[in-house]
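**Q**
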Amino acid sequence: MVKISVVVPCYNEESVIVETNSQLNAVLSTHFQEYEILYVNDGSKDKTKELLISFKGSFPNIKSIHFSRNFGHQPAVSAGIKYATGDYIIIIDADLQDPPALIPDMVKKAEEENANVVYAVRKSRMGESWFKKMTAKYYYRLINSMSETQLPLDTGDFRLIDRKVADAFNNIEEKQKYIRGIITWIGFKQVPIEYDREERFAGETHYPLTKMIQFAMRGLLYFSKKPLTLATNLGLTLVALSVLFFIAQFIKWIFYPDTFEIGWMSIFGSIIFFGGIQMLSMGVLGAYIGNIFDEIKNRPEYIIDEIN
Ligand code: UDP
Ligand code: MG
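Following the numbering used here, the numbering of the sequence shown begins with 559 at its first residue and continues without gaps.
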């Protein structure tokens, strides 16, 4: 008999967690004989912790892991996968944007198609800003054009993984994990399932623009080395352009000496231009070096305060 583990990262989710918990338990208990729900409380500052602990009395299949502070969505999911004991592990958001009702279909699909991963693809997204949808859409396409690993489009972390994939995942020592990328990179048989992404049940997103950018940068820097070659390509192009420019100036000086003047604007312009290009290239280098620095420190991904 298969055991199902559901991993739910939670950060300040007091307004939704009771509803999420009852929906998850309702779905799981009607479809599966053996299951567990693992809540990972990512250092919430509201009542999330107390609520999670209070569930234990009425729901025996629940475990909650509490971090010592807010480490972020990805570390929370990593911890959940590490502590999950099921044959199939489902990663789902706490805010009911990913419908729990899809879980049985995901398991069915994994069994029928003998798949190791079933990733949920958003057919539509409700209640999210035009800006978020647009940036998400183009971001995944951009990353695919640059990455060595082809990531499925319009897919978040909502997915099912089996024991094989979970074991492979747990053995990966990268500290700053871009989970959707890593799971794709792991391989085995991965199949999509479509769904409509709901509106957040209550509360507000914990992914403001700054966090979105950080997350996007992690995906890009950890899955592509193309930005590094960008600097070289830019440099080469500019050298070629400047050679052409000097040839043109030389011709002008020979054939039209009257119109030839020694200007300062061109010098000033090229200083700013080349300065900008150099700063940009250094910034790209710096971003990679920063990541090497973080990885080499070898700090744990998260610190657990207690497990209930
Ligand atoms: N989350 C987390 N730690 C954080 C931010 C978010 O564990 O620092 C959780 C959050 O509780 C939710 C999931 O990650 O279950 C997705 O976050 P959210 O719904 O805020 O993001 P959005 O759906 O707007 O992208
Ligand atoms: Mg959400």
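We treat Cβ as the ideally placed atom computed from N, Cα and C, and that holds for glycine.
Just so you know, these numbers come straight off a predicted model, no measurement behind them.
#1: Cα-Cα, which of Glu594, His631, Gly793, Phe832 is closest to tyrosine 569?
#2: Do the segment 663 to 683 and the segment 742 to 751 make contact, defined as three or more Cβ pairs closer than 8 Å?
#3: Can you give the Cα-Cα distance for glutamine 734 and phenylalanine 808, rounded to whole angstroms?
#4: Can you give me the C-alpha to C-alpha distance between glycine 739 and asparagine 729, rounded to a whole angstrom?
#5: Alpha carbon to alpha carbon, how far is serine 622 from tyrosine 736? Give it in angstroms, no decimals.
#6: Would you please state the rounded distance, in angstroms, between the beta carbons of isoleucine 751 and valine 675? I believe it to be under 8 Å.
#7: Which same chain residues end up closer than 7 Å to glycine 777 when comparing Cβ atoms and leaving out the 5 residues on each side of it in sequence?
#8: Nearest CA to the CA of phenylalanine 716: which residue from Ser687, Leu709, Asp651?
#9: In the DSSP assignment, find the beta strand (DSSP E) that holds arginine 857 and state where it starts and stops.
#10: Is leucine 596 closer than 7 Å to valine 635 when the C-beta atoms are compared?
#11: In whole angstroms, what is the alpha-carbon distance linking lysine 681 and phenylalanine 831?
#12: Can you tell me which of Leu609, Ser602, Val598, Asp604 puts its alpha carbon nearest to the alpha carbon of glutamate 577?
#13: Going by CA-CA distance only, name the one from Gly841, Ile812, Leu843, Phe804 that's closest to serine 828.
#14: Within its chain, find whatever has a CB closer than 6 Å to the CB of phenylalanine 781; leave out the 5 residues flanking it on each side and keep chain order.
#15: Between lysine 722 and the rest of its own chain, which residues show a CB-CB distance below 7 Å, the 5 nearest in sequence each way excluded?
#16: Kindly indicate which three-state DSSP category valine 635 falls into: helix, strand or coil?
#17: Under a three-way DSSP split, which group does asparagine 599 fall into?
#18: If I'm right that leucine 718 touches tyrosine 646 with Cβ under 8 Å, what's the distance once you round it to whole angstroms?
#19: Between glutamine 655 and the ligand MG, is there a pair consisting of the residue's CB and a ligand heavy atom that are separated by less than 6 Å?
#20: Distance, Cα to Cα, valine 665 vs glycine 601?
#21: How would you write the range of the alpha helix (DSSP H) that glycine 777 sits in, first residue to last?
**A** Considering the structure as presented:
#1: What you label residue 569 is simply residue 11 of the sequence shown in a count that begins at 1. Nearest of Glu594, His631, Gly793, Phe832 to tyrosine 569, Cα basis: His631.
#2: yes
#3: Residue 734 sits at position 176 when you count from the first residue of the sequence shown. Residue 808 sits at position 250 when you count from the first residue of the sequence shown. Those two C-alpha atoms are separated by around 53 Å.
#4: As a first step, residue 739 is located in the sequence shown; it is residue number 181 there, counting from the start. As a first step, residue 729 is located in the sequence shown; it is residue number 171 there, counting from the start. In a straight line, the C-alpha of glycine 739 is about 15 Å away from that of asparagine 729.
#5: The residue labelled residue 736 in the question sits at position 178 within the sequence shown. The residue labelled residue 622 in the question sits at position 64 within the sequence shown. Computed Cα separation, rounded: 23 Å.
#6: For the purposes of this step, residue 751 is identified with residue 193 of the sequence shown, where counting begins at 1. For the purposes of this step, residue 675 is identified with residue 117 of the sequence shown, where counting begins at 1. That belief does not hold up - the Cβ atoms of isoleucine 751 and valine 675 are roughly 10 Å apart, past 8 Å.
#7: Within the sequence shown, numbered from 1, the residue matching residue 777 stands at position 219. Here the set comprises Ile701, Tyr736, Gly739.
#8: Indexing the sequence shown from 1 puts residue 716 at position 158. The shortest Cα separation from phenylalanine 716 among Ser687, Leu709, Asp651 belongs to Asp651.
#9: Here residue 857 refers to the residue found at position 299 of the sequence shown. Counting along the chain, arginine 857 falls outside any beta strand (DSSP E), and DSSP gives it neither H nor E.
#10: As a first step, residue 635 must be located in the sequence shown, where it is residue number 77. As a first step, residue 596 must be located in the sequence shown, where it is residue number 38. No, the Cβ-Cβ distance between valine 635 and leucine 596 is not below 7 Å.
#11: Locating residue 681 in the sequence shown gives position 123, counting from the first residue. Locating residue 831 in the sequence shown gives position 273, counting from the first residue. Lysine 681 and phenylalanine 831: Cα-Cα distance of roughly 43 Å.
#12: What you label residue 577 is simply residue 19 of the sequence shown in a count that begins at 1. Nearest C-alpha to glutamate 577: Leu609.
#13: For the purposes of this step, residue 828 is identified with residue 270 of the sequence shown, where counting begins at 1. Out of Gly841, Ile812, Leu843, Phe804, the CA that lies nearest to the CA of serine 828 is found in Phe804.
#14: Sequence index remark: in the sequence shown, residue 781 carries index 223 (1-based). The residues are Ser705, Thr707, Gly739.
#15: Taking the first residue of the sequence shown as 1, we reach residue 722 at position 164. Within the same chain, lysine 722 has close Cβ partners Asn674, Phe746.
#16: Numbered from its first residue, the sequence shown carries residue 635 at position 77. The answer is helix: DSSP assigns valine 635 an H, G or I state.
#17: Against the sequence shown, residue 599 aligns to sequence position 41. Asparagine 599 falls in the strand class under three-state DSSP.
#18: Residue numbering aside, residue 718 sits at position 160 when the sequence shown is read from its first letter. Residue numbering aside, residue 646 sits at position 88 when the sequence shown is read from its first letter. Leucine 718 to tyrosine 646, Cβ: 6 Å. Contact.
#19: Start at 1 with the first residue of the sequence shown, and residue 655 comes out as number 97. Result yes, Cβ under 6 Å from the ligand MG.
#20: Start at 1 with the first residue of the sequence shown, and residue 665 comes out as number 107. Start at 1 with the first residue of the sequence shown, and residue 601 comes out as number 43. Spanning the two alpha carbons is a distance of roughly 30 Å.
#21: The residue given as residue 777 occupies position 219 in the sequence shown. Start and end: 767 to 781.
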